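Just so we're aligned, residue 3 is where the sequence shown starts under our numbering, counting upward by one.
The beta-carbon is built from N, C-alpha and C at its ideal position, and this holds for glycine as well.
These numbers come from a predicted model, not from an experiment.
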Amino acid sequence: MPLCDMIDKGDKYEISLEVPGIAKEKIDIRATKNKIEVSGQQERKSEDKGKNYVYNERSYHSFNRRIPILEEIIPSRIEAKMDNGILRIDLPKKTPTKIEEAKAEVK
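Shown next, in the form of structure tokens:
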């Protein structure tokens, strides 16, 4: 299962998933107003030939990550981008919220 970060930016949620080695064409993103589901698959083949042998190896990996969303989003406006094995997904909120920041003193 890929590691996931989700940040509330006020007008949208920003999700980052670590998916190294998986091509963007092999990733599927589906969303409803209160959840997003990301799945992907990876296939690797290697072959080594020697004088009297042939060695073949294959591996298959897949993942399916379902992430609940606390506030209603607009599924038709989702944007996704892949950069160096990190899948970044922007989920626009139906009703933007104000992000309040406070500073606390360590005692």
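| Query | Result |
| --- | --- |
| Assigned exposure category for ALA106 - 16 Cβ within 10 Å defines buried | exposed |
| Secondary structure of LYS28, DSSP reduced to three states | helix |
| Residue burial classification, LEU72 (beta-carbon count within 10 angstroms, cutoff 16) | exposed |
| Segment contact flag, the region 84-92 with the region 14-34, C-beta cutoff 8 Å, min 3 pairs | yes |
| For TYR55, the first and last residue of its enclosing beta strand (DSSP E) | Note, TYR55: premise wrong, no beta strand (DSSP E); not H, not E. |
| 8 Å Cβ cutoff met for LYS95 and ILE69 | no |
| CB contact flag (ILE9, GLU20, <8 Å) | no |
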